[in-house]
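*Asks:*
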Amino acid sequence: MQILGEKIRWAVIGPGGIAHKFMRDMRVVEGGEVRWIVSREMQRARAFADEWNVEHAADSLAQITESAEVDAVYIASPHHAHAAAARELLAHGKAVLCEKPLTVNAREAGELIRLSHLHQTFLMEAMWTRMLPLYQVLDRWIKEGAIGKPVAVVSQFCGLPPKDPSQRWFNPEMAGGALLDLGVYNLAMSQWALGRKPQRVTASARFAESGVDELIAATLEYDGGGYGQFICSMCASAENRLEIIGDKGSIRVPGNFIQAEKAGRWADGEFTSCDEPMKGEGFVHEIEEMQRCMREGAIESPLMPHADTLATMEVMDEIRRQIGLHYANDDLG
Ligand SMILES: NC(=O)c1ccc[n+]([C@@H]2O[C@H](COP(=O)([O-])OP(=O)(O)OC[C@H]3O[C@@H](n4cnc5c(N)ncnc54)[C@H](OP(=O)(O)O)[C@@H]3O)[C@@H](O)[C@H]2O)c1
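Under this note's numbering, read the sequence shown as residues 192 to 524, first letter to last.
1. Taking just the CA atoms, how far does PHE313 sit from GLY284?
2. Look at the alpha carbon of GLY417 and the alpha carbon of VAL245, and state the distance between them as a whole number of angstroms.
3. So ALA384 and ILE333 are in contact, right, with Cβ under 8 Å, and what is the actual spacing, rounded?
4. Which term fits LEU501, buried or exposed, when burial requires 16 or more other beta carbons within 10 angstroms of its beta carbon?
5. How about GLY205: is its Cβ closer than 8 Å to a heavy atom in ligand 1?
6. Quick check: is any heavy atom of ligand 3 less than 8 Å from the C-beta of HIS476?
7. From GLY374 to SER428, what distance separates their C-alpha atoms?
8. Which whole-angstrom value is the C-beta distance of LEU293 and ILE510, which I expect to be below 8 Å?
9. If we call anything under 9 Å between Cβ atoms a contact, is TYR265 one with VAL219?
10. Can you tell me which of ALA210, GLY402, ALA253, LEU280 puts its alpha carbon nearest to the alpha carbon of SER268?
11. If you reduce the DSSP assignment to three classes, tell me which class PHE525 lands in.
12. Any heavy atom of ligand 1 inside 8 Å of the beta-carbon of GLN358?
13. Exposed or buried, which one is GLN382 when buried takes at least 16 other CB atoms within 10 Å?
14. Which runs of the beta strand (DSSP E), 3 residues or longer, sit entirely within the region 432 to 500?
15. Since PRO536 and ILE407 are thought to touch, with beta carbons under 8 Å apart, how far apart are those beta carbons, to the nearest angstrom?
16. Expressed to the nearest angstrom, what Euclidean distance is found between the alpha-carbon atoms of GLY336 and ALA454?
17. Quick one: is ARG321 buried, meaning 16 or more other Cβ sit within 10 Å of its Cβ, or exposed?
18. Grab the span of the alpha helix (DSSP H) containing GLU405 for me, first residue to last.
19. I'd like to know whether the C-beta atoms of LEU378 and GLY473 end up nearer to each other than 9 Å.
20. On the DSSP letters alone, give me the boundaries of the alpha helix (DSSP H) that THR256 sits inside.
21. Cβ atoms of GLU260 and GLY222: under 9 Å apart, would you say?
22. Nearest to CYS426 by alpha carbon, out of MET315, CYS349, LEU252, GLY437?
23. Closer than 7 Å by C-beta to ASN296: which residues in its own chain qualify, once you throw out the five before and the five after it? Chain order, please.
Quick look at the structure:
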């Protein structure tokens with residue numbers, strides 16, 4: 192059982208693109224501070240640490256796992272590197288907040304979840320969208336029956352990352368592709384809104400020259416007559432909206448649903464709007480939620496439980512089986 196001080200002491204692994212956003216939001220978080228930066232190269236670790244005024248820099252994970260002064264670790268390396276780092280950290284009792292997707296496939300995710308239980312150590316996929324204030328209100332609306340029984344979820348998540356196969360988005364060696372990078376959000380939000388895993392999925396893909404999926408169109412079928420549909424793409428531009436359709440009304444999150452602050456509800460012929468600003472750039476909520484769980488001795492968060500991460504990974508495995516997308520050292524069961 193971890194004894195936690197006044198401030199939870201964090202380490203950050205993979206000081207690249209998204210780690211900067213984490214550091215910006217960490218300035219707003221209460222009850223936590225970053226004490227270590229871990230890179231594959233000491234010079235990069237030191238430069239990032241200096242930029243953010245962090246005391247320690249390291250070029251190996253061992254320095255973190257051996258340190259008694261690290262409580263929690265944010266893994267911000269590319270997808271294919273998540274599992275190995277998380278495995279080590281959990282085995283040493285370090286709480287893990289791991290960027291999405293938690294792993295490349297469901298077998299790896301299941302292994303991490305087992306380790307979290309075995310070592311009674313907190314683990315969460317950094318699905319920050321589900322922790323935003325807006326979605327806490329929408330969750331209440333759905334549970335109160337404001338739109339009746341949810342019947343369908345329709346969403347899109349498209350973006351235009353650089354078509355450079357040396358960078359992670361289009362790089363098959365880094366488990367690149369639209370599904371694992373973007374579709375994971377569509378699936379995590381469908382899982383949240385409908386509260387269960389689809390029984391059947393049917394997917395089609397368009398591939399980039401590098402061999403990764405650059406567009407996925409998928410239909411999900413749920414027991415009890417629920418449906419989901421999403422498009423995720425790295426070669427298209429869209430509003431990126433999310434709509435939850437119930438048997439008495441619907442909820443629409445316009446604009447970029449992954450970092451939304453506004454939504455509208457249509458039910459009984461009336462429109463109700465909701466405006467819930469996020470703290471910082473939105474990561475504050477997932478960090479504070481994790482710290483809250485750690486202080487309660489929990490090993491998972493009710494806002495992004497292990498079972499939901501695993502369900503999403505299993506659906507992504509099935510989609511990849513259907514479209515024939517396999518990565519190196521991959522195991523789709
Ligand atoms: N939540 C969000 O909104 C959000 C947004 C963007 C990305 N992400 C997720 O965050 C993760 C990182 O994305 P990013 O865009 O920040 O990636 P990135 O900038 O390409 O890489 C992050 C850092 O990881 C390390 N790294 C690079 N290649 C590696 C390898 N082969 N093995 C181990 N470490 C490696 C590098 O640091 P060193 O070389 O210094 O070790 C790099 O600076 C991805 O899983 C992505 O899905 C989440």
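Glycine included, every Cβ here is placed at the ideal spot set by N, Cα and C.
*Replies:* With the structure as the only source:
1. 8 Å
2. 48 Å
3. 7 Å
4. buried
5. yes
6. Within the structure as shown, ligand 3 is missing, the only ligands being ligand 1.
7. 14 Å
8. Wrong, their Cβ atoms sit about 16 Å apart, outside the cutoff.
9. no
10. ALA210
11. In the structure displayed, the chain extends from 192 to 524; residue 525 sits before or after that span and is not available.
12. yes
13. buried
14. 433 to 437, 440 to 444, 453 to 458, 461 to 466
15. The question about residue 536 has no answer, for the chain in this structure spans 192 to 524.
16. 16 Å
17. buried
18. Per DSSP, GLU405 belongs to no alpha helix (DSSP H); it is in the beta strand (DSSP E), 404 to 413.
19. no
20. 253 to 256
21. no
22. CYS349
23. MET504, ASP508, ASP521, ASP522, LEU523
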